[in-house]
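Visitor:
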Amino acid sequence: MLKKMNKKLFLIILGSVFVGIVLAVVTNSGVKATSDDSFCLSCHDTPEFTEYFEARPHSEVSCISCHGGGLIEDKVKGTTKAISTITGKKDPNNYDAINAKVTDEKCLSCHNLNSTNRSDLTIQSHAVFEQNGLSCTDCHDGASVHGYLKDYSN
Ligand code: HEC
Ligand code: HEC
Ligand code: HEC
Ligand code: HEC
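Residue numbers (numbering that gives the first Met the number 0): 0 to 153.
(1) Please report the distance separating the alpha-carbon of Ser-114 from that of Asp-73.
(2) Alpha helix (DSSP H) containing Ile-71: first to last residue?
(3) Can you tell me whether DSSP reads Asp-140 as helix, strand or coil?
(4) When you get a sec, list the residues whose CB is within less than 6 Å of any heavy atom of ligand 4, chain order please.
(5) Could you spell out the range, first to last residue, of the alpha helix (DSSP H) harbouring Thr-46?
(6) Whole beta strand (DSSP E) runs in the segment 112-139 with 3 or more residues, listed along the chain?
(7) Around the C-beta of Ser-34, are 16 or more other C-beta atoms found within 10 angstroms, so that it is buried, or is it exposed?
(8) Alpha helix (DSSP H) containing Asp-103: first to last residue?
(9) Smallest Cα separation from Thr-136: which of Asp-150, Asp-119, Asn-116, Lys-105?
(10) Quick check: the Cα distance between Gly-146 and Phe-48, rounded to an integer number of angstroms?
(11) If you check the beta carbons only, do Thr-121 and Asn-92 fall under 8 Å apart?
(12) Can you tell me which of the three DSSP states His-43 falls into?
(13) Report whether the distance from the Cβ of Cys-65 to the nearest heavy atom of ligand 3 is below 7 Å.
(14) Sorted by chain position, which residues of the same chain lie with C-beta nearer than 8 Å to Leu-133's C-beta, five sequence neighbours on each side aside?
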């Protein structure tokens, strides 16, 4: 038997999955609209974000090329986030409370570190990477992609 709270939670999750999948599968335009950078920035609308991101080379790739986890996962996650935003449970611009993870595979799907056309600094830094088992994001962190959203002063 589910306790009352768990039942409620379960219904919310079920609802999220359902809405997400319907949006994704039934309407192809829904997929397009909810994969667009402007959609992401409608919630994540801190000015530094857009200004810094737009001025950097990654502005030519979309948010989901780094943050996407596949169609179904994205829609389920997106719907859950929409509910937390609408109900005021989560603030999409409170970056101190938000943690993201971008895997090396994502980066390496676009970047080939074995290319010979590199500066000495780059080659040396990437040798350090190989030796110490670091992640790309240990050096190329979120701030280097879209500016300092988090408060590092404390
Ligand atoms: C309806 C508002 C809303 C929209 C639209 C939205 N987000 Fe979010 N996002 C949030 C909220 C709220 C959180 C915090 C969720 C949490 O901490 O569980 C969040 C967290 C995140 C995180 C960090 C946590 C994680 O799951 O990795 C990333 C990265 C992110 N969003 C990227 C995006 C991208 C990319 C898009 C566009 C495809 C997008 N967001 C669209 C509200 C939104
Ligand atoms: C080139 C890859 C890349 C692109 C493109 C990108 N991000 Fe990120 N993002 C990151 C990395 C890296 C982090 C930090 C997570 C980590 O360390 O693994 C991050 C973190 C975040 C966070 C969590 C807050 C933080 O500062 O850690 C949000 C929210 C987010 N990104 C949203 C977006 C949105 C919206 C877009 C499109 C406008 C976008 N990102 C485009 C790589 C990217
Ligand atoms: C969808 C493809 C794509 C993905 C995914 C991607 N990048 Fe990039 N990246 C680019 C493009 C395009 C450029 C600009 C042209 C260039 O410099 O090659 C770029 C530029 C860069 C640069 C040089 C410019 C700068 O901003 O300093 C670095 C460093 C970089 N990427 C690291 C990363 C890391 C780390 C990740 C994973 C968190 C990542 N990239 C994910 C396509 C991508
Ligand atoms: C030990 C820190 C470190 C790690 C870990 C690291 N890098 Fe770098 N990377 C650098 C430095 C330093 C540079 C040269 C300065 C710059 O362009 O930011 C650089 C440059 C780059 C560039 C742009 C220069 C070029 O020649 O294209 C790309 C793309 C890049 N790194 C991708 C990655 C990817 C992908 C990973 C993970 C597989 C990674 N880096 C891991 C430190 C690191």
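In this text, a Cβ means the ideal position worked out from N, Cα and C, and glycines have one as well. Small disclaimer: the values here were computed from a predicted structure and weren't measured.
Guide: If we stick to the structure as given:
(1) By 1-based counting over the sequence shown, the position of residue 114 is 115. By 1-based counting over the sequence shown, the position of residue 73 is 74. About 32 Å.
(2) For this step, residue 71 is matched to residue 72 along the sequence shown. Following the DSSP letters along the chain, one finds Ile-71 inside the alpha helix (DSSP H) bounded by residues 70-85.
(3) The sequence position of residue 140 within the sequence shown is 141, counting from 1. Note: Asp-140 maps to coil in three-state DSSP.
(4) Counting only heavy atoms of ligand 4, the residues whose C-beta sits closer than 6 Å to one of them are, along the chain, Asp-103, Cys-106, Leu-107, His-110, Leu-112, Arg-117, Leu-120, Thr-121, Ser-124, His-125, Val-127, Phe-128, Leu-133, Cys-135, Asp-137, Cys-138, His-139.
(5) In the sequence shown, residue 46 corresponds to position 47, counting from 1. Strictly speaking, residue 46 in this sequence is Pro, with Thr absent from that position. In the DSSP assignment, Pro-46 falls within the alpha helix (DSSP H) that extends over 46-54.
(6) Those beta strand (DSSP E) runs which fall completely within the segment 112-139 and span 3+ residues do not exist here.
(7) Taking the first residue of the sequence shown as 1, we reach residue 34 at position 35. Per the 10 Å Cβ criterion, buried.
(8) Taking the sequence shown and counting its residues from 1, one reaches residue 103 at position 104. Unbroken alpha helix (DSSP H) run through Asp-103: 103-107.
(9) The residue given as residue 136 occupies position 137 in the sequence shown. Of the candidates Asp-150, Asp-119, Asn-116, Lys-105, the residue whose Cα lies closest to the Cα of Thr-136 is Lys-105.
(10) Taking the first residue of the sequence shown as 1, we reach residue 146 at position 147. Taking the first residue of the sequence shown as 1, we reach residue 48 at position 49. Gly-146 and Phe-48: Cα-Cα distance of roughly 6 Å.
(11) As a working mapping, residue 121 is identified with position 122 in the sequence shown. As a working mapping, residue 92 is identified with position 93 in the sequence shown. With contacts defined by Cβ atoms closer than 8 Å, Thr-121 and Asn-92 do not form a contacting pair.
(12) On the sequence shown, residue 43 is found 44 positions in, with the first residue counted as 1. Reduced to three states, the DSSP call for His-43 is coil.
(13) Stepping through the sequence shown from its first residue, residue 65 is reached at position 66. Within the cutoff, so yes.
(14) Residue numbering aside, residue 133 sits at position 134 when the sequence shown is read from its first letter. Excluding positions up to five away in sequence, the list reads Val-127.
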